[in-house]
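Here's the structure we're looking at; comments come further down.
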Amino acid sequence: MNVSPRATRRIPGAKKVGRKPAFTREDVVAAAIAEGIDRFRLSAVADRLGVVPAAIYRLFPSRDDLVVACLDAAGATLRMPEPGMSWRETLSLWADECWRVCEDFPGLSGLVYAYPSAFTRIEYVFAAYAANLKAQGKSTRQAMFALDFIGDSVFASHLSVESMRSVDEDGTSGLDRVRAAIGDADVVMEPQDSWTDRGAVDTKIDFILTGLERHWPEL
Numbered sequence: 001m002n003v004s005p006r007a008t009r010r011i012p013g014a015k016k017v018g019r020k021p022a023f024t025r026e027d028v029v030a031a032a033i034a035e036g037i038d039r040f041r042l043s044a045v046a047d048r049l050g051v052v053p054a055a056i057y058r059l060f061p062s063r064d065d066l067v068v069a070c071l072d073a074a075g076a077t078l079r080m081p082e083p084g085m086s087w088r089e090t091l092s093l094w095a096d097e098c099w100r101v102c103e104d105f106p107g108l109s110g111l112v113y114a115y116p117s118a119f120t121r122i123e124y125v126f127a128a129y130a131a132n133l134k135a136q137g138k139s140t141r142q143a144m145f146a147l148d149f150i151g152d153s154v155f156a157s158h159l160s161v162e163s164m165r166s167v168d169e170d171g172t173s174g175l176d177r178v179r180a181a182i183g184d185a186d187v188v189m190e191p192q193d194s195w196t197d198r199g200a201v202d203t204k205i206d207f208i209l210t211g212l213e214r215h216w217p218e219l
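Residue 1 is where the sequence shown starts when you use UniProt numbering, and the numbers rise one by one after that.
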């Protein structure tokens, strides 16, 4: 059947008819993480998805709901300890995973301290690690102490590393600014390149594990 050109002509001022853009909760979470898990704005997330902010609220009633979803996404990537691992292997894996998740989700270390209930989103992870430690004869409170001490050490260290890595509009890194502030002064805490990587963290973790071989406090 022949269709008249007049029938297919778009009427000036009429809204364009077509399928509305579709996106999922996972798309929103990915966009928020890409914007910065600790600082994303809903308007920026919407722009990244090509939708209006109101569309985001259909899936996430508030920004806090999206923050929690981002925390859950990060937590879901944490590796669990294998049955039979020694307590030292278990805690080394925990340290590795805490560092790795901070690297994979920039801004997470800051968010964890800014969002008090963040740790509750990975209770199942704590339970798995605690079970391995308890199998090695450690109590629940001893497991809590070790996991908290190591996790806190890694996250706090990563937060410091992020500040050293950060670059301002002039291209100057945080470490460069520290060196400029010190100048030629003879100081105890002399800035090192290792302040921008994991080197110092591994030294701290080894120190903690060595200490636990002699005494294991309870939390």
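Glycine is no exception: its CB is placed at the ideal position from the N, C-alpha and C atoms.
CA-to-CA, the gap between V68 and D104 works out to about 17 angstroms. Secondary structure at V51: coil, using DSSP grouped into helix, strand and coil.
Per DSSP, G137 lies in no alpha helix (DSSP H) segment and is marked neither H nor E. Taking C-beta atoms as the reference points, E218 and F126 fail to come closer than 8 angstroms. In this structure F207 is exposed. Its beta-carbon is surrounded by fewer than 16 other beta-carbon atoms within 10 angstroms. Using a Cβ distance threshold of 8 angstroms, A44 and I56 do not count as a contacting pair. Shown here for L78: same chain residues with a beta carbon closer than 7 angstroms to its own, the five before and five after excluded, namely E97, V101, I122, V125 in chain order.
When DSSP states are grouped into helix, strand and coil, V112 belongs to the helix group.
Straight-line measurement puts the Cα of K134 at about 7 angstroms from the Cα of T140. Counting C-beta pairs closer than 8 angstroms gives fewer than three between the region 109–116 and the region 167–176, which falls short of the contact rule. A contact between stretches requires three or more CB pairs, one per stretch, nearer than 8 angstroms, and the region 20–39 meets this requirement with the region 50–65.
The C-alpha of G36 lies about 13 angstroms from the C-alpha of E162. G151 is a Cβ neighbour of W94, given a cutoff of 8 angstroms. DSSP places I182 in the uninterrupted alpha helix (DSSP H) bounded by 174–182.
The beta-carbon separation of F23 and L49, rounded to 5 angstroms, stays under the 8 angstroms limit for a contact. In the DSSP assignment, I208 falls within the unbroken alpha helix (DSSP H) covering 199–212.
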